[in-house]
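Participant: Dropping the structure in here first, questions after.
2 protein chains.
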Amino acid sequence: MEALKKRILAEGQNLGKGILKVDSFINHQIDTHLMYEVGQALARRFSDVGATKVVTAEISGIAPALATAYALNVPIVYARKTRPITMTGPVFVEVAPSHTKGRDVFLMISAEFLRPEDRVLIVDDFLASGATLMALVRLVEHAGAALVGIGAAIEKRCEGGREALAALDVPIVSLAVITDMSDGQIVLS
Amino acid sequence: MEALKKRILAEGQNLGKGILKVDSFINHQIDTHLMYEVGQALARRFSDVGATKVVTAEISGIAPALATAYALNVPIVYARKTRPITMTGPVFVEVAPSHTKGRDVFLMISAEFLRPEDRVLIVDDFLASGATLMALVRLVEHAGAALVGIGAAIEKRCEGGREALAALDVPIVSLAVITDMSDGQIVLS
């Protein structure tokens, strides 16, 4: 997706240790029309998988998941990392190691919103190591729902997430692929 | 907004102590088309205030803020409650007491994304006591930006937020107003 790639090159900051700062248009501040286009682009790539729901993880997955689900005309469910007092019924719980938080995080989805008959497209802002995405996949499996695809706005190819997810045998789509962040660079494929 | 009111009456759950559960369409699971309509409706009400940015608080403010900002063709900035490692520069910080968390939460916005020339519309999912909204207002004031309005999807009138915010002398708009939650009821105006 050219508009996203251009924006990464113009405003993305390589903070070292594989950390890409995209706070001016993806996280913290969001370019709403770019995000809408991200959603449209992911929805086009998954138009034929019959998704009934888009699942993501709070916080930064919400915007791309919402935009994609809007284009696909399905609801989203975002996994919570802390239990709000409104989460009263049974939940599916998984644990994911968080690269950016330096500790494990819980991911919880109420059982009422993830059902065996659901066909789930997982969407997140980043595909990096794949650890968060794999935790979301396990939540889908706990529910007995069908996983039909995984989409991300930005992929950091060097972190191996695509390989980690390959055995799932579902389409994996990212809209901008970063192949090299060594020496302060941001190299897109 | 009739569609939102109907949905609250059909699926909202009064959990007692003023807690309204709307996890099936606003929080946790989001009806993406209803959320789009929420954004359109708020944008119509604020079409003449010249907003250059929509500000909200993570997590549940992101969706209504994104939908509103998309309709107004401006970016959003969501205040972070914990500092991600990508938040490297100076930040504006405020503290808000959280009703649903039972403790104070920090709200942080990078100084680079809130500027004196900004005209800010604040949007959140709920207008209840107004405590979170007031903390966002103080962040806007710290930046020297102009506050041009406050919008919420759902207002719990009985919690006094509208009165707490009245002195700001900006338009305050909510799309569904709950006037009574006593005795397990959900009464809309």
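If you're matching them up, the sequences are chains A and B in order. Mapped onto my numbering, the consecutive letters of the first sequence carry residue numbers 1 to 189. Mapped onto my numbering, the consecutive letters of the second sequence carry residue numbers 190 to 378. Beta carbons are placed, not taken as given, at the ideal position from N, Cα and C, and that holds for glycine. Bear in mind that the values here come from a model prediction, so they are computed numbers and not experimental data.
(1) Just checking A/A3 against the ligand GTP - is the residue's beta carbon closer than 7 Å to any of the ligand's heavy atoms?
(2) If we require 4 or more residues per run, which alpha helix (DSSP H) segments fall completely within the region 8-67 of chain A?
(3) How far does the beta strand (DSSP E) with A/G149 in it extend, from its first residue to its last?
(4) When you compare only the Cα positions, how much space is there between B/L336 and A/G61?
(5) How is the beta strand (DSSP E) around A/M108 delimited, first residue to last?
(6) For B/M224, which residues in the same chain have their Cβ closer than 6 Å to its Cβ, ignoring the five residues on either side in sequence?
(7) Measuring alpha carbon to alpha carbon, tell me which residue in B/T271, B/A334, B/V362 and B/N203 is nearest B/E306.
(8) Does any C-beta atom of chain B lie closer than 8 Å to the C-beta of A/K21?
(9) Short of 6 Å in beta carbon distance, which residues of its chain neighbour B/K210, apart from the five on each side in sequence? Order them along the chain.
(10) Can you tell me where the alpha helix (DSSP H) with A/V137 in it begins and where it stops?
(11) Keeping to the same chain, check which residues put their C-beta closer than 7 Å to that of B/R272; ignore five residues upstream and five downstream.
(12) Counting only beta-carbon atoms, is A/R80 nearer than 8 Å to chain C?
(13) Is there a C-beta anywhere in chain A that falls below 8 Å from the one on B/P253?
(14) For B/Q218, count neighbouring C-beta atoms within 10 Å of its own C-beta (all shown protein chains included) and say buried if the count is 16 or more, exposed if not.
(15) Is A/A69 close to chain B? Criterion is C-beta to C-beta, closer than 8 Å.
(16) Between A/E58 and chain B, is there a C-beta pair that is closer than 8 Å?
(17) Confirm, please, whether the CB-CB distance from A/L121 to A/G151 is below 8 Å.
(18) Using 8 Å for Cβ pairs, my map puts A/K5 next to A/A131. What's the rounded Cβ distance?
(19) Which of helix, strand or coil does DSSP assign to A/D118?
(20) Which residues in chain B sit within 7 Å of A/H142, going by Cβ to Cβ distance?
(21) Would A/Y206 and B/H222 be called neighbours here (beta carbons separated by less than 8 Å)?
(22) So which residues of chain B does A/V77 contact, with C-beta pairs closer than 7 Å?
(23) Once DSSP output is grouped into helix, strand and coil, what is the label at A/S182?
(24) When the cut-off is 8 Å and only beta carbons count, does A/S182 lie next to chain B?
(25) Along the chain, where does the alpha helix (DSSP H) containing B/A353 start, and where does it finish?
(26) Below 8 Å on the Cβ atoms is my guess for A/V123 versus A/T56; work out the distance and round it to an integer in Å.
Facilitator: Let's see:
(1) Among the components of this structure there are no ligands whatsoever, and the ligand GTP is therefore not found.
(2) 32-45
(3) Indexing the first sequence from 1 puts residue 149 of chain A at position 149. In this chain, the beta strand (DSSP E) harbouring A/G149 covers A146 to K156.
(4) Taking the second sequence and counting its residues from 1, one reaches residue 336 of chain B at position 147. Taking the first sequence and counting its residues from 1, one reaches residue 61 of chain A at position 61. If you take the alpha carbons of B/L336 and A/G61, they lie about 28 Å apart.
(5) As a first step, residue 108 of chain A is located in the first sequence; it is residue number 108 there, counting from the start. From DSSP, the beta strand (DSSP E) with A/M108 extends over R103 to S110.
(6) The count along the second sequence starts at 1 and reaches residue 224 of chain B at position 35. Same-chain partners within the cutoff: A252 and A256.
(7) In the second sequence, the residue the question calls residue 306 of chain B occupies position 117. Minimum Cα distance to B/E306 is reached at B/A334.
(8) Within the first sequence, the letter at position 21 stands for residue 21 of chain A. In terms of beta-carbon proximity, A/K21 lines the interface with chain B, with at least one pair separated by less than 8 Å.
(9) Counting from one through the second sequence, the residue named residue 210 of chain B turns up at place 21. Closer than 6 Å at Cβ, skipping near neighbours: Q202 and L204.
(10) Sequence index remark: in the first sequence, residue 137 of chain A carries index 137 (1-based). Where A/V137 is concerned, the enclosing alpha helix (DSSP H) stretches over A131 to A143.
(11) Taking the first residue of the second sequence as position 1, residue 272 of chain B is located at position 83. Excluding sequence neighbours, B/R272 sits near M297.
(12) Absent from the structure: chain C. Protein chains present are A and B.
(13) For this step, residue 253 of chain B is matched to residue 64 along the second sequence. Under the 8 Å criterion on CB atoms, B/P253 is classed as non-interfacial with respect to chain A.
(14) Mapped onto the second sequence, residue 218 of chain B falls at position 29. Looking at its Cβ environment, which holds 16 or more other Cβ atoms inside 10 Å, B/Q218 is buried.
(15) As a first step, residue 69 of chain A must be located in the first sequence, where it is residue number 69. It does: the Cβ of A/A69 has a partner Cβ on chain B nearer than 8 Å.
(16) Here residue 58 of chain A refers to the residue found at position 58 when the first sequence is read from its first residue. True, the Cβ-Cβ gap to chain B drops below 8 Å.
(17) Along the first sequence, one-based indexing puts residue 151 of chain A at 151. Along the first sequence, one-based indexing puts residue 121 of chain A at 121. Yes, Cβ-Cβ distance for A/G151 and A/L121 is below 8 Å.
(18) On the first sequence, position 5 is the one that residue 5 of chain A refers to. On the first sequence, position 131 is the one that residue 131 of chain A refers to. Contact doesn't hold; Cβ gap of about 25 Å is too wide.
(19) Here residue 118 of chain A corresponds to residue number 118 of the first sequence, with the count starting at 1. Three-state result, A/D118: coil.
(20) For the purposes of this step, residue 142 of chain A is taken as residue 142 along the first sequence, with counting starting at 1. The premise fails here: A/H142 is roughly 16 Å from chain B at the closest Cβ pair, so nothing lies under 7 Å.
(21) One cannot answer for residue 206 of chain A here, as it falls past the ends of chain A, which runs 1 to 189.
(22) The residue given as residue 77 of chain A occupies position 77 in the first sequence. Result: H217 and Q218.
(23) On the first sequence, residue 182 of chain A is found 182 positions in, with the first residue counted as 1. A/S182: helix per DSSP, three-state reduction.
(24) Counted from its first residue, the first sequence places residue 182 of chain A at position 182. For A/S182, the answer is no, since every Cβ of chain B falls outside 8 Å of its Cβ.
(25) Position 164 of the second sequence, counting from 1, holds the residue named residue 353 of chain B. From DSSP, the alpha helix (DSSP H) with B/A353 extends over G350 to A355.
(26) Counting from 1 along the first sequence, the entry for residue 123 of chain A is found at position 123. Counting from 1 along the first sequence, the entry for residue 56 of chain A is found at position 56. Contact flag correct, Cβ pair sits at about 5 Å.
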